[in-house]
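If you read the sequence shown in the numbering used here, its first letter stands for residue 23, the second for the next number, and so on. Beta carbons are placed, not taken as given, at the ideal position from N, Cα and C, and that holds for glycine. If you're wondering where the values come from, they're calculated on a predicted model, not measured in any experiment.
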Amino acid sequence: MVTVCVCEGHCVCVCVMVTVCVCVTGIHTVQLMYGCELREGRSVGGFYQDAYDGNDFIAFDKDQMVWVAPTAAAVITKNKWENTPGVSEQWKDYLEQICIEWLRKYVEYGHESLRPVRPEVTLSSPRGSRLSCLATGFYPRAIEVKLLKNGQILSDEESSGT
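Structural data, given as structure tokens:
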């Protein structure tokens, strides 16, 4: 599955794959996530990471060209991938070139369908002076909600953010 998110010149392409393995030792999950990011048309990042049974397993640091193994079990994979010619270089090329190229294509192809959608906002005051605000139906997912009182933004102490 590929997800493309667009938010005011900021685009992210994320590919997530989940594999369920049935083994003699039980059922296990392998999760793979990789992608790239554009801000104002320029590449700002790329990432690759694996998880095993919900725990971080290995990640690629493309700037240092090393594989990061947070557990002892991942060190075998880290050593294999770092010592196999071309593995790190191929992932770096993919994240910095190919992924960015495809992300630009996805944004171009989906220009109309990826347009931002304003949230629907509902204000209510069930009891007393406590006011509730609910924002739904917006795209992209990340938004910033600010409450105003007499045209002034309320401070964090005056609003809970939930």
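With a cut-off of 8 Å on the beta carbons, I'd call residue i and residue j a contact; round off their distance for me.
{"i": "I80", "j": "T99", "result": "5 Å"}
Among the residues of its own chain, which have a CB less than 8 Å from the CB of residue i, if the five just before and after it don't count?
{"i": "G76", "result": "T51 and Q53"}
{"i": "I175", "result": "K168 and L169"}
{"i": "A93", "result": "The sequence as given places Thr at residue 93; Ala does not occur at that position. Within the same chain, T93 has close Cβ partners N77, D78 and F79."}
Select from the options the residue whose C-alpha is nearest the C-alpha of residue i.
{"i": "Y56", "options": "A94, I120 and V167", "result": "I120"}
{"i": "V88", "options": "Y74, G108 and A73", "result": "G108"}
{"i": "E142", "options": "Y131, Y128 and T158", "result": "T158"}
{"i": "V40", "options": "F82, N101, P92 and A73", "result": "A73"}
{"i": "C37", "options": "C45, G68, E62 and R64", "result": "G68"}
{"i": "E104", "options": "V90, L176 and R64", "result": "V90"}
{"i": "K185", "options": "G48, F82 and R61", "result": "For the chain, the structure presents residues 23 to 184; residue 185 sits outside this window and is missing."}
{"i": "K127", "options": "K102, Q112, V66 and L60", "result": "L60"}
Between the beta-carbon of residue i and the beta-carbon of residue j, is there less than 8 Å?
{"i": "C58", "j": "I122", "result": "yes"}
{"i": "K84", "j": "L117", "result": "yes"}
{"i": "Q86", "j": "D78", "result": "no"}
Report the three-state DSSP secondary structure of residue i (helix, strand or coil).
{"i": "D185", "result": "Only positions 23 to 184 of the chain appear in this structure, which leaves residue 185 out of reach."}
{"i": "V46", "result": "coil"}
{"i": "A94", "result": "helix"}
{"i": "E130", "result": "helix"}
{"i": "N172", "result": "coil"}
{"i": "E142", "result": "strand"}
{"i": "T99", "result": "helix"}
{"i": "V167", "result": "coil"}
{"i": "E104", "result": "helix"}
{"i": "E62", "result": "coil"}
By Cβ distance below 6 Å, which residues in the same chain neighbour residue i in space, the five residues on each side in sequence not counted?
{"i": "T144", "result": "L156"}
{"i": "G132", "result": "none"}
{"i": "G177", "result": "Residue identity check: residue 177 is Ser in the sequence provided, not Gly. Result list for S177: empty, nothing under 6 Å."}
{"i": "S110", "result": "M87"}
Which same chain residues, not among the five before or five after residue i, have their C-beta less than 7 Å away from its C-beta?
{"i": "A96", "result": "F79 and I80"}
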